[in-house]
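Notes follow once the structure below has been shown.
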Amino acid sequence: MSKTAILEFDGNKYEFPVIVGSENEAAIDIDKLRALTGAITLDPGYKNSGSCKSEITFLDGEEGILRYRGYAIEDLAEKAGFLEVSYLVIFGELPTQEQLVQFENDIRKYTLVNEEMKNIIDGFPKTAHPMGVLSSLTSALTAFNPKVVNVENEKEMYEAVCKTMGKFLVIATWTYRKMMGFPLNYYDNTKGYVENFLHLMFELPTGPYKVNPVVVDALDKLFILHADHEQNCSTSTVRIVGSSHAGLFASISAGVSALWGPLHGGANQAVLEMLEAIQKDGGDAEKYLAKAKDKDDPFRLMGFGHRVYKNFDPRAKIIKKAADEVLNTLGVDDPILDIAKKLEASALVDDYFVSRKLYPNVDFYSGIIYRALGIPTEMFTVMFAIGRLPGWIAQWKEMRINKEPIGRPRQIYTGYPLRDFKPMNQR
Ligand code: CMC
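Per our numbering, residue 1368 is the first one in the sequence shown, and the count goes up by one each step.
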């Protein structure tokens, strides 16, 4: 028998259906709440509100579980490649070898970005943050690709996916080239997707760039770990912007802006800056833990805590192990890794962090790997965006295919009641 929930309000009883997910999470379906009772729910930050049903990602924050389309993140990070996982996230099944080759080839058809985009990037100062430039360039892609995708048409949707995957990678790396004053580079269709990222970023006209396979492998893993994370801030942004039937590029551009904030994807840059500051200040981890605990100090331990995980972020576990491996393989001895480990060890036995269930999140160790791979700090959140792209695409596509209504929350108005207009001479 299906479950229901009873609400008593203003002396009346109402019954609401309960929706149970495939992993037994329950939701009280309040679709008819306002129509029946005249009241709404209030849930700032949406801590208790589901915005949709989704088949893409399963996350259990209490148990520290993350799965894309039913596959454990640990398996995917170890056994699959980024494009393979992107295909899985976007289309729902792991690709066959043939489908994967086709996908990669189809992305290659769209890797040339319109030359006029260069005029737009020229207008930015070199000092502009790459995430701001990326959001603007993604939005600008709409001007060069104005055709509205018919989501019902599988072929059109597939082309839009390939186009977005191809062009976004190129413009993401252009933000770095701009910052460095390097000439903008072109995608090389003879190379792989992740390899191309390195080529686009680092190859200069003055000489060939030799790709290190260790770096490609590490990046592949990092991108996979970031590929989707259900209804987080940027993904919800992409879905809500798309719910007005704004296009894919416009929606993703909004997602990039949402990701930029230091409480979300911007935390990876903030973590590294924090670790560098601790190092400069003598390496005293305890001093910074005390600052993070002090309610009069706005400082937070960046890379710690998560809205959903009240246990280890499974991504952080994988990244911590990978950080050790990558640094060892590359022969990099980074004292910042030791500071990070010291901070983590102290926080994990500190009552403040234990009682609030604050554990390292995905951003805590990722920056250390990026740094070892030669990625500059300002680009860390762009790396997150490249990894998250398949998730944004998949969620946008799902929202449109499910014909979700326009996202439009309500509010409780707490301002003045009706007032008489005061003429200027009486104010
Ligand atoms: N350092 C110190 N105290 C913290 C931290 C932290 N990093 N995170 C949470 N708290 C405290 C917070 O002050 C509050 O304490 P109290 O109950 O005494 O008021 C309690 O823990 C609960 O925090 P909250 O802010 O209500 O929790 P939230 O779910 O709204 O916020 C968060 C989650 C990720 C924004 C927050 O933990 C945070 O700011 N972390 C640092 C930034 C960060 O690393 N962000 C990356 C998130 S993972 C990547 C991604 O998906 O974006």
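Even glycine gets a Cβ: it sits at the ideal position worked out from N, Cα and C.
State the beta-bridge partners of VAL1385 as determined by DSSP. The residue given as residue 1385 occupies position 18 in the sequence shown. Paired residues: ILE1395.
8 Å Cβ cutoff met for VAL1385 and ILE1373: Locating residue 1385 in the sequence shown gives position 18, where the first residue counts as 1. Locating residue 1373 in the sequence shown gives position 6, where the first residue counts as 1. No, the Cβ-Cβ distance between VAL1385 and ILE1373 is not below 8 Å.
Beta-bridge pairing of ARG1434 - partner residues as DSSP gives them: Taking the sequence shown and counting its residues from 1, one reaches residue 1434 at position 67. PHE1425, ALA1439, per the DSSP bridge assignment.
Using the Cα positions of ALA1683 and GLU1390, report the straight-line distance between them to the nearest angstrom. By one-based count along the sequence shown, residue 1683 stands at place 316. By one-based count along the sequence shown, residue 1390 stands at place 23. Using only the alpha carbons, I get a separation of about 23 Å.
For a minimum of 4 consecutive residues, which ranges assigned as the alpha helix (DSSP H) are wholly contained in the region 1723–1755? 1730–1739
Contact check, VAL1638 vs MET1669, beta carbons under 8 Å: For the purposes of this step, residue 1638 is taken as residue 271 along the sequence shown, with counting starting at 1. For the purposes of this step, residue 1669 is taken as residue 302 along the sequence shown, with counting starting at 1. Cβ distance < 8 Å, so VAL1638 and MET1669 count as in contact.
Within 10 Å of its beta-carbon, does LEU1630 have 16 or more other beta-carbons around it, so buried, or fewer, so exposed? As a working mapping, residue 1630 is identified with position 263 in the sequence shown. Under this definition LEU1630 is an exposed residue.
What is the C-beta distance between LEU1433 and PRO1681, in whole angstroms, given that I count them as a contact (C-beta under 8 Å)? On the sequence shown, position 66 is the one that residue 1433 refers to. On the sequence shown, position 314 is the one that residue 1681 refers to. Contact flag correct, Cβ pair sits at about 5 Å.
So for LYS1687, helix, strand or coil by DSSP? Here residue 1687 refers to the residue found at position 320 of the sequence shown. LYS1687: helix per DSSP, three-state reduction.
Counting only runs that start and end within the region 1519–1573, where is the alpha helix (DSSP H) found for 4 or more residues in a row? 1521–1547, 1560–1569
GLU1483, DSSP secondary structure in three states: For the purposes of this step, residue 1483 is taken as the residue at position 116 of the sequence shown. Coil, per DSSP.
Hey, could you find the ends of the beta strand (DSSP E) GLU1375 is sitting in? Residue numbering aside, residue 1375 sits at position 8 when the sequence shown is read from its first letter. Counting along the chain, the beta strand (DSSP E) containing GLU1375 begins and ends at 1371–1376.
Quick one: which unbroken alpha helix (DSSP H) runs of 4-plus residues sit fully inside the region 1639–1710? Chain order, please. 1652–1660, 1681–1697
Report all residues from its chain with a CB closer than 6 Å to the CB of ALA1752; omit the five preceding and five following residues, and keep chain order. Within the sequence shown, numbered from 1, the residue matching residue 1752 stands at position 385. Only VAL1623, LEU1626 meet the Cβ criterion.
Can you tell me where the alpha helix (DSSP H) holding THR1509 begins and where it ends? Locating residue 1509 in the sequence shown gives position 142, counting from the first residue. Unbroken alpha helix (DSSP H) run through THR1509: 1497–1511.
Check whether the Cβ atoms of PHE1720 and PHE1671 lie closer than 8 Å to each other. Taking the sequence shown and counting its residues from 1, one reaches residue 1720 at position 353. Taking the sequence shown and counting its residues from 1, one reaches residue 1671 at position 304. Yes.
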